[in-house]
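Student: Numbering (our numbering), first residue to last: 1 to 248.
Glycine included, every Cβ here is placed at the ideal spot set by N, Cα and C.
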């Protein structure tokens, strides 16, 4: 069964993506697929990939069906760990495009539509704190800025939120005065939210990433250390402004 993924700007067989899915989600995907495969012979779920539905037949017949069933089984297993959704199986699962450190799914159930935000493995190495993300997301949701947070699946740090239907405006549209005004208004609301008890430094992130890259044997531009020194100068200047109570 071939999947025409026109919504992603390409065509392909989901079989090619099964390895990527397993790699992104690790052993949990394999376990979920094995649990679902035990139900072979019963009608399979409906799964979407990039907006295209896959109405599946009996489980386990085609490699692309295996990849789709793994997504569905994973979503079902995670929803079962959400107290508000216990016993409410997914009816349809859509793999959402985008995301750098997370894999995201839109799960439709009899009680509503939700987004499963599955953290990538070892993303803590990048300084990502899922507890802080949860606190920030909950604060923004309470202010009506972002989707309502349904649950934080622990210890993995997977976030479950309500799904909001909409579209992603293209870059040229976002450059319009109307959009820039709206974005600015939302950012003002975000900056007015109470602090979540965490500190973020873009300069510290650069240093952390540089350390990780050096440990992995990456090559750096000849002037990179000079730039790091300049960052140190900037950091000290910002610290002085903070001590004086000046805006940054």
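So what does DSSP say about residue 22, is it helix, strand or coil?
Tutor: As a first step, residue 22 must be located in the chain shown, where it is residue number 22. Reliability fails at residue 22, whose pLDDT of 39 lies under 50, so the model's placement of it is uncertain and the value that follows must be treated cautiously. Residue state, collapsed to three classes: helix.
Student: Over the uninterrupted beta strand (DSSP E) stretch that includes residue 91, give me the two end residues.
Tutor: As a first step, residue 91 is located in the chain shown; it is residue number 91 there, counting from the start. From DSSP, the beta strand (DSSP E) with residue 91 extends over 90 to 95.
Student: Cβ of residue 190 versus every heavy atom of the ligand GDP: is any distance shorter than 8 Å?
Tutor: Among the components modelled here there is no ligand, and therefore nothing to report on the ligand GDP.
Student: Out of 160, 101, 124, 134, point me to the one whose CA is closest to residue 115's CA.
Tutor: For the purposes of this step, residue 115 is identified with residue 115 of the chain shown, where counting begins at 1. Comparing Cα-Cα distances from residue 115 to each of 160, 101, 124, 134, the minimum goes to 160.
Student: Is the beta carbon of residue 119 less than 9 Å from the beta carbon of residue 102?
Tutor: Along the chain shown, one-based indexing puts residue 119 at 119. Along the chain shown, one-based indexing puts residue 102 at 102. A contact, by the Cβ cut-off of 9 Å.
Student: Can you name the residues that DSSP bridges to residue 109?
Tutor: Within the chain shown, numbered from 1, the residue matching residue 109 stands at position 109. Answer is 90, 112.
Student: What does the alpha-carbon distance come out to for the pair residue 212 and residue 203?
Tutor: Against the chain shown, residue 212 aligns to sequence position 212. Against the chain shown, residue 203 aligns to sequence position 203. C-alpha separation (whole angstroms): 14 Å.
Student: Could you tell me which residues DSSP puts in a beta bridge with residue 103?
Tutor: Counting from one through the chain shown, the residue named residue 103 turns up at place 103. DSSP, once it has assigned bridges, lists 118 as partnering residue 103.
Student: Could you tell me which of 178, 128, 155, 144 sits nearest to residue 250, measuring between CA atoms?
Tutor: Any property of residue 250 remains undetermined from this structure, which presents the chain solely from 1 to 248.
Student: Roughly how many angstroms lie between the CA atoms of residue 183 and residue 76, to the nearest whole one?
Tutor: The sequence position of residue 183 within the chain shown is 183, counting from 1. The sequence position of residue 76 within the chain shown is 76, counting from 1. If I take the Cα positions, the gap works out to 35 Å.
Student: Under 7 Å Cβ to Cβ from residue 145, same chain only, skipping five residues before and after it: list those, please.
Tutor: Taking the chain shown and counting its residues from 1, one reaches residue 145 at position 145. Here the set comprises 186, 189, 190.
Student: Nearest to residue 200 by CA position, among 210, 150, 126, is which residue?
Tutor: In the chain shown, residue 200 corresponds to position 200, counting from 1. Put simply, of 210, 150, 126 the residue whose alpha carbon is nearest the alpha carbon of residue 200 is 126.
Student: Could you check what DSSP says for residue 151 in three-state terms: helix, strand or coil?
Tutor: Here residue 151 corresponds to residue number 151 of the chain shown, with the count starting at 1. The answer is strand: DSSP assigns residue 151 an E or B state.
Student: Quick test of your reading: residue 93 and residue 105, contact by CB under 8 Å. State the CB separation rounded to the nearest angstrom.
Tutor: Here residue 93 corresponds to residue number 93 of the chain shown, with the count starting at 1. Here residue 105 corresponds to residue number 105 of the chain shown, with the count starting at 1. Contact flag correct, Cβ pair sits at about 6 Å.
Student: How far does the beta strand (DSSP E) with residue 161 in it extend, from its first residue to its last?
Tutor: Working through the chain shown from its first residue, we reach residue 161 at position 161. Per DSSP, residue 161 belongs to the beta strand (DSSP E) from 158 to 162.
Student: Going by beta-carbon coordinates alone, are residue 206 and residue 228 separated by less than 9 Å?
Tutor: The residue given as residue 206 occupies position 206 in the chain shown. The residue given as residue 228 occupies position 228 in the chain shown. Taking 9 Å as the Cβ cut-off, residue 206 and residue 228 qualify as a contacting pair.
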